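Asker: This is the structure I have questions about; it appears just below.
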Amino acid sequence: MKKILALIMIFSSLVACNKNDDRLKEKAAIESESATTSQLNVENENLATKAEKMEEDLTRRHRFYQALKGSYEGEIKTNLGTFNIRITLTTNLAPIPVTRVRQLEEIAADLNTLSLNAQVVQWDPNNTNSAVGCRMSGIRPDMVKGELVISTESCPNLYLLKITENGFVSSAIENAEMAARAAQQILDGAIFEVDSLAGRVQPSTNASIFKFVAYKVQE
């Protein structure tokens with residue numbers, strides 16, 4: 003009888019141990035699942051925050067490019083006479099309203115793709131058939147300095163352009179300060195359209211440098 007009681011007690015003890023082990027395993031599984039869920043939530047929040055910052059950067063770039071796009075016309079005075087110049091800037095990517103949290107790869111693709119295309123045409127005002135020009139794509143303006151450069155093998159000249167206001171041109175320092183100030187105002191949303199560009203033309207055939215101001219043509 004004593005042996006039977008002892009066996010019963012041992013069996014009961016084993017059953018209790020097994021139940022305790024099962025509870026510990028269940029608790030560990032729940033805690034592990036909870037930790038995994040928390041980690042995923044943190045990662046998702048971090049990705050959403052990063053996506054939001056990238057979208058904000060893309061929005062500012064679009065704002066800058068949209069303010070620049072358009073046609074600008076002016077005159078270049080040279081030792082051979084006065085010539086007209088037209089610079090047309092277009093964007094290769096239009097801003098699209100964002101209605102969802104996009105994947106980082108989607109936003110990065112837009113950031114890497116967004117750029118300006120430029121066409122430059124010069125002609126003798128007395129002979130419109132004398133026009134010469136060139137095109138360039140993939141232009142990325144300096145959004146801090148408010149400058150852009152048009153330089154390609156198809157262009158015989160180098161064009162250095164600065165944002166200006168109402169065609170104002172003064173010293174190089176004042177021009178640089180104005181361009182940087184205007185660029186910041188565009189990025190801040192205070193200016194929505196660039197009205198003029200101050201430019202310098204550096205020909206490849208001689209050492210002359212010609213300055214000009216081109217005003218945006220209202221369509």
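Each number in the numbering used here comes from the position in the sequence shown (counting from 1) with 2 added on.
Backbone N, C-alpha and C define an ideal beta-carbon position, used for all residues, glycine too.
Here the structure is a predicted model, which means the values were calculated and not measured.
Secondary structure at L9, three-state DSSP: helix, strand or coil?
Answerer: Because the pLDDT at L9 is just 45, under 50, the model does not fix this residue reliably, and the value given afterwards should be weighed accordingly. In this structure, L9 counts as helix in the three-state DSSP scheme.
Asker: Beta-carbon within less than 7 Å of I10's beta-carbon, same chain only, minus the 5 sequence neighbours each way: which residues are those?
Answerer: The predicted position of I10 is uncertain, since its pLDDT is 49 and thus under 50; no value can be drawn from it.
Asker: Assuming A184 contacts E167 (C-beta within less than 8 Å), just tell me the rounded distance between them.
Answerer: Confirmed, Cβ separation roughly 6 Å.
Asker: Determine the extent of the alpha helix (DSSP H) in which Q174 is found, giving its start and end residues.
Answerer: The sequence shown places Ala at residue 174, not Gln. From DSSP, the alpha helix (DSSP H) with A174 extends over A174 to L189.
Asker: Is it right to say E77 is buried, meaning 16 or more other beta carbons lie within 10 angstroms of its own, or is it exposed?
Answerer: The residue in question, E77, is exposed, as its Cβ has fewer than 16 Cβ neighbours within 10 Å.
Asker: Cα separation between N177 and E47?
Answerer: Cα to Cα, N177 sits roughly 44 Å from E47.
Asker: Tell me where the beta strand (DSSP E) around E2 begins and ends.
Answerer: Within the shown structure, residues of the chain are numbered from 3 to 221, placing residue 2 beyond reach of any answer.
Asker: Per DSSP, N159 is paired with what?
Answerer: N159 pairs with P205.
Asker: With a threshold of 8 Å, are at least 3 pairs of Cβ atoms found where one atom belongs to the region 149–162 and the other to the region 129–140?
Answerer: In short, these stretches touch, since the Cβ pair count reaches three.
Asker: Measuring alpha carbon to alpha carbon, tell me which of V151, M145, P127 and I89 ends up nearest L60.
Answerer: Nearest C-alpha to L60: M145.
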